Structure formats: C-alpha cells, structure tokens
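What follows is a short report on a single structure.
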Amino acid sequence: MHAVLTAANPMVRFIGSDNMQQNRELFSVWLQTLPKWEQTTTPYLFLHTPDIAQAPELVDALWQALQAAVPSVGSAPTIPQQSSLF
C-alpha cells in the first residue's frame, strides 16, 4: 500500500473482509501511517466489510491496536444491538 497525504483532513476507508485475522494483518500498515498523519492533520477513518454485517466485529477486532497506535482516538464506540426485527 502506498498512501499519499493530500489534504488537512484525509479520509481512510478500510474495507476489510469477513476474516478478522486477515483484517488485522492488512490494517497493520494503517497503524504505522495514521500516527504520522495525526501529527499534522486530522484523519478520518471509516471501517467497512463487504456486506457491512461484520462491521461491528471489525471495529472490535481493530480498535485495541488502533488505540495503542493513536491514543487520542479514545475508547471504542458503543455499537447498539438490535433487539428484534419486529
């Protein structure tokens, strides 16, 4: 991956797979890049999975490492649970 900083508010859209171990490996590049960018910019990070159903699991899988790399990101967001369809 080759990331180029082109704005004061760069946007990163990480579209992971349904394989959380693979996502951790692929996201490791961003764990090196985001702290550098944060020194001079305000990056925005969006986490997705192909069908969006695993997005909460993706956040759970990546947040601890993200918080260690970028402490200012704070605690993981609270993800509401749907109680039922009807």
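Just so we're aligned, residue 1 is where the sequence shown starts under full-length UniProt numbering, counting upward by one. Cβ atoms here follow ideal geometry from the backbone N, Cα and C, with glycine treated the same way. The model shown is predicted, which means the values in this text are computed figures rather than measured ones.
Bounding residues of the beta strand (DSSP E) (the contiguous stretch that carries residue i)
| i | result |
| --- | --- |
| Leu45 | Tyr44 to His48 |
Coil, strand or helix - residue i by DSSP
| i | result |
| --- | --- |
| Pro29 | It should be noted that the sequence gives Val, not Pro, for residue 29. Helix, per DSSP. |
| Asp18 | coil |
| Ser75 | coil |
| Leu5 | coil |
| Pro35 | helix |
| Gln64 | helix |
| Val59 | helix |
Close-in-space but distant-in-sequence residues of the same chain around residue i (CB under 6 Å, 5 per side omitted)
| i | result |
| --- | --- |
| Arg13 | Phe46 |
| Ala3 | Thr33 |
Residues bridged to residue i (per DSSP)
| i | result |
| --- | --- |
| Arg13 | Phe46 |
Chain-order list of residues whose beta-carbon lies under 7 Å from that of residue i (same chain, five-residue window excluded)
| i | result |
| --- | --- |
| Leu5 | Trp37 and Thr41 |
| Val73 | Leu66 and Gln67 |
| Met1 | Val29 |
Proximity of residue i and residue j at Cβ, strictly below 9 Å
| i | j | result |
| --- | --- | --- |
| Ala69 | Pro43 | no |
| Leu66 | Gly16 | no |
| residue 88 | Pro50 | This structure cannot settle anything about residue 88, because the visible part of the chain is limited to 1 through 86. |
The alpha helix (DSSP H) enclosing residue i, as first and last residue numbers
| i | result |
| --- | --- |
| Ser53 | Note that residue 53 is Ala in the sequence shown here, rather than Ser. First-last for Ala53: undefined, no H or E at that position. |
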